[in-house]
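Notes for the one structure printed next.
There are 2 protein chains.
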Amino acid sequence: MEQSFVAWAKMRARNLPQVKLGIGDDAAILQAEQEDVVITCDTMMEGVHFRSDITELRRIGRKLVHINLSDLAAMAAIPKALFLSLCVPNNSPNRAADVIAAEIFEAVCQAAEEHQVAVAGGDTNCWGGPLVLSLTAVGYTEGGLAWTRSGARPDDLVVVTGPLGGSISGKHLDFQPRLDVAEALRGKLEVHACMDISDGLSTDLLRMCDASNCGAILDLSKVPITEAAQQLANTSGRTPVEHALGDGEDFELLLAISPDDYPRMVDLLGPQQAIVCGEFTSRTGLWMREGGKILQLAASGFVHR
Amino acid sequence: MEQSFVAWAKMRARNLPQVKLGIGDDAAILQAEQEDVVITCDTMMEGVHFRSDITELRRIGRKLVHINLSDLAAMAAIPKALFLSLCVPNNSPNRAADVIAAEIFEAVCQAAEEHQVAVAGGDTNCWGGPLVLSLTAVGYTEGGLAWTRSGARPDDLVVVTGPLGGSISGKHLDFQPRLDVAEALRGKLEVHACMDISDGLSTDLLRMCDASNCGAILDLSKVPITEAAQQLANTSGRTPVEHALGDGEDFELLLAISPDDYPRMVDLLGPQQAIVCGEFTSRTGLWMREGGKILQLAASGFVHR
């Protein structure tokens, strides 16, 4: 399959100025536009991250792009190029391997084009195993201006860019990576730390705390909750805020900002995308404020009462 | 598995100055050192590219690094960083998933260190499927100085960097990527085209011809043949030169050089690494010279007589 697929993919992938040489040679050549090159990889596997008998391939391909772009947004990087590696089943009862590969490649190209990102290379192979999609995304930032997860400081605000929880009801496939937030704040606001919320606010906030060698206190009444999480809570046996804390795949950004900078953040993003739900503290670990007390909060987001 | 594995991998991966931020954040940050960023991906799959019941994991991991570095060598790039994505079986009868992941990661780190390349990120997941290893390699070249496969010109010499064929007997696991050749020639010799020989000289030479819009005539008596290919020919029913033309995974470089530059090339590499076995021609396609005649040569390397 590979040669004819590569020939088609080379035609299909749009040329963008950041790519000097795209699909078809031993490697691709990108123009280095800024001092720092930001690179992330994410893999999606049949039966682990998706079921292709339930979800259309084009939505799976699109999600893969958005997961990777979400990581670049979390670093304040401007995305430039994608590299797609596929392991395609050659024993699928419904679809030939080249049809599967082309559907995914098409979806990846479309999602890339929405964000002016090039599909510049990759590797496609058939096998008797399940479908695997692996993507590497490359972006740039000015030297030293990338946001990391390790710079949160005591008294910084815990800010999230949108309501959380219940992503499984649909948002996990249809979210938009927060490149808009990165673009609005990049170079204009001192962001002490940032990461995307992929494993749930409480888990990811604890990771940011651990990386920053501090702790955080969440005000549960301020954690923004999606309508989907409210709905799920009707039948799940968990409260809406537990969904907001513990559900994965929100792909909103989690930021640490000095309180002095918060008014400026609201100016730049609007109040809907700059939601304060706690503060960082020098006491390590994850905490919640409730009825005047400060109690430990489980990384799972389960709230003991 | 992922969190403890990531913590270990972060400790294990050696810090090199080209990596500003390595494993453990949403993405890695590399210092852009030159104008062009060269990126390649290759995937190896259980049952397609290797059998882990026959070949040790450390040799599989090492080969994966070398395949990718061979692609960077073919572009004259200086390798800087690797990103490793793993799909690890959690149902292996002999080994736990974290043991498999750690063995491969260790091998990748060792191979990377030999070439002063950093392991800067990746993604590791368990599943019920077979083992998949996917690697992205990043290197740099000066602006416009990368070698591509599309610049061969009529009358250029067809040059290879070592004997070919019979790689299956062992070299396919133990080859060294020709970074030494790239380093010796980079910026010192005008290389019109270059690629690594991964699918056999005849197939890859035809690809170079197609990309360069020209043809090539091989002198079969000058094609360098490995001892392993000679041995295989005793029992395979194919001639030694057919092995040299058609066998895959040589990972020598194939170069197009002006005849005027050849003496300089020999000065830089020595005669053992600068072996002329034909010339490019304006007539498209792949040809061989035999007994004063010019005959078509199959891309498979099969020689009709």
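For the protein sequence lines, the chains are A and B, in the order given.
FYI, the numbering for the first sequence is 1 to 305, going by the working numbering.
FYI, the numbering for the second sequence is 1001 to 1305, going by the working numbering.
Even for Gly, the Cβ is constructed at its ideal location relative to N, Cα and C.
Remember, predicted model here, so these are calculated numbers, not experimental data.
(message) By the 8 Å beta-carbon criterion, what residues does the segment 205-236 of chain A contribute toward chain B?
(response) Near chain B, meaning a CB-to-CB distance below 8 Å, the residues of the segment 205-236 of chain A are Ala211.
(message) For Val1108/B, would you say it is in contact with chain A, using Cβ-to-Cβ distances shorter than 8 Å as the test?
(response) So, not an interface residue.
(request) List the endpoints of the continuous beta strand (DSSP E) containing Glu33/A. (result) Here Glu33/A belongs to no beta strand (DSSP E), and DSSP marks it neither H nor E.
(request) For Lys293/A, count neighbouring C-beta atoms within 10 Å of its own C-beta (all shown protein chains included) and say buried if the count is 16 or more, exposed if not. (result) Per the 10 Å Cβ criterion, exposed.
(request) Evaluate the contact criterion for the segment 1005-1019 of chain B versus the segment 187-204 of chain A: three or more CB pairs, one atom per stretch, below 8 Å. (result) The segment 1005-1019 of chain B is not in contact with the segment 187-204 of chain A.
(request) Return the chain-ordered ranges of every alpha helix (DSSP H) run that is complete within the segment 1205-1279 of chain B and spans a minimum of 4 residues. (result) Counting only runs of at least 4 residues, the segment 1205-1279 of chain B fully encloses the following alpha helix (DSSP H) elements, listed from N- to C-terminal order: 1227-1236, 1240-1246 and 1262-1269.
(request) Could you spell out where the alpha helix (DSSP H) holding Glu114/A opens and where it closes? (result) Residues Ala97 to Glu114.
(request) Could you say which of Gly122/A, Leu133/A and Ala76/A lies nearest to Pro307/A if we only look at CA atoms? (result) As shown, chain A starts at 1 and ends at 305. That puts residue 307/A outside it, with no answer to give.
(request) Could you tell me the distance, in whole angstroms, from the CA atom of Ser198/A to the CA atom of Leu1069/B? (result) For Ser198/A and Leu1069/B, the distance between alpha carbons rounds to 32 Å.
(message) Cβ closer than 9 Å: which chain B residues qualify as neighbours of Trp8/A?
(response) Correct list: empty, because the minimum Cβ distance to chain B is about 15 Å.
(message) Just to confirm the assignment, what range does the beta strand (DSSP E) spanning Pro1138/B have?
(response) This sequence places Val at residue 1138/B; Pro is not what is there. Counting along the chain, Val1138/B sits inside the beta strand (DSSP E) bounded by residues Val1132 to Thr1141.
(request) Pull up the distance between the alpha-carbon of Ala146/A and that of Val1019/B, whole angstroms please. (result) If you draw a straight line from the Cα of Ala146/A to the Cα of Val1019/B, it is about 13 Å long.
(request) Please report the residue range of the alpha helix (DSSP H) in which Gly1061/B lies. (result) Unbroken alpha helix (DSSP H) run through Gly1061/B: Leu1057 to Ala1074.
(message) Please report the distance separating the alpha-carbon of Leu201/A from that of Ile217/A.
(response) Using only the alpha carbons, I get a separation of about 12 Å.
(request) Report the residue from Val1159/B, Asn1125/B and Leu1179/B whose alpha carbon sits nearest the alpha carbon of Gln1116/B. (result) Here the closest residue by C-alpha is Leu1179/B.
(request) Examine chain B for any beta-carbon lying closer than 8 Å to the beta-carbon of Gln176/A, and answer yes or no. (result) With 8 Å as the cut-off, Gln176/A does not count as an interface residue toward chain B.
(message) Taking 6 Å as the limit between beta carbons, can you name the residues of its chain near Gly1122/B, skipping five residues before and five after?
(response) Cβ within range, chain order: Phe1083, Leu1084 and Ser1085.
(request) Reducing DSSP to helix, strand and coil, say where Trp1287/B ends up. (result) Strand at Trp1287/B.
(message) For Leu1297/B, which residues in the same chain have their Cβ closer than 8 Å to its Cβ, ignoring the five residues on either side in sequence?
(response) Excluding sequence neighbours, Leu1297/B sits near Ser1202, Leu1218, Leu1245, Leu1286, Trp1287, Met1288 and Val1303.
(request) Could you tell me whether the segment 1014-1032 of chain B touches the segment 1050-1069 of chain B, where touching means 3 or more Cβ pairs closer than 8 Å? (result) Counting C-beta pairs closer than 8 Å gives fewer than three between the segment 1014-1032 of chain B and the segment 1050-1069 of chain B, which falls short of the contact rule.
(request) Please classify Gln176/A: does DSSP put it in a helix, a strand, or coil? (result) The DSSP-derived three-state label of Gln176/A is coil.
(request) Sort Leu173/A, Asp196/A and Ser4/A by Cα distance to Thr161/A and report the nearest one. (result) Across the set Leu173/A, Asp196/A and Ser4/A, the C-alpha of Asp196/A shows the shortest separation from the C-alpha of Thr161/A.
(request) Please decide whether Glu1035/B counts as near chain A, where near means a Cβ-Cβ distance under 8 Å. (result) Yes, because at least one Cβ of chain A sits closer than 8 Å to the Cβ of Glu1035/B.
(request) Would you kindly work out how many angstroms separate the C-alpha atoms of Gly1248/B and Ala1229/B, rounded to a whole number? (result) About 11 Å.
(request) Give the secondary structure of Phe1302/B by DSSP, where H, G and I count as helix, E and B as strand, and everything else as coil. (result) Correct three-state label for Phe1302/B: coil.
(request) Buried or exposed for Cys250/A, please, with buried defined as at least 16 other CB atoms from any protein chain shown within 10 angstroms of its CB. (result) Reading off the sequence shown, one finds Asp at residue 250/A, where the question assumed Cys. Around the beta carbon of Asp250/A, a 10 Å sphere encloses 16 or more other beta carbons of the protein chains shown; the residue is thus reported as buried.
(message) Let me check understanding here. Comparing Cα to Cα, which of Gln1031/B, Ala1077/B and Pro1017/B lies closest to Thr1040/B?
(response) Per the Cα distances, Ala1077/B.
(request) Counting only the same chain and skipping the five closest in sequence on each side, list residues whose C-beta sits under 7 Å from that of Gln272/A. (result) Within the same chain, Gln272/A has no close Cβ partners at all.
(request) Quick one: list the residues of chain B neighbouring Gln31/A, beta-carbon separation under 9 Å, in chain order. (result) Those within 9 Å of Gln31/A in chain B are Glu1035, Asp1036, Val1037 and Gly1143.
(request) List the endpoints of the continuous beta strand (DSSP E) containing Trp1147/B. (result) Premise fails: Trp1147/B is in no beta strand (DSSP E) and is neither H nor E.
(message) Going by DSSP, what residue range makes up the beta strand (DSSP E) through His1049/B?
(response) Here His1049/B belongs to no beta strand (DSSP E), and DSSP marks it neither H nor E.
(message) List, in chain order, every chain A residue whose beta-carbon is nearer than 7 Å to that of Arg1051/B.
(response) Those do not exist, as Arg1051/B stays about 13 Å from chain A at its closest Cβ, beyond 7 Å.
(message) Since Thr215/A and Arg283/A should fall inside the 8 Å C-beta cutoff, what is the C-beta to C-beta distance between them, to a whole number of angstroms?
(response) Note on identity: in this sequence residue 215/A is Gly, with Thr being the wrong assignment. About 5 Å separates the two Cβ atoms, so the contact holds.
(message) Whole angstroms are fine: how far does the CA of His1049/B sit from the CA of Asp1260/B?
(response) C-alpha separation (whole angstroms): 40 Å.
(request) Quick one: which residues of the segment 1051-1067 of chain B get their C-beta closer than 7 Å to a C-beta of chain A? List them in chain order. (result) Of all residues in the segment 1051-1067 of chain B, none has a C-beta nearer than 7 Å to a C-beta of chain A.
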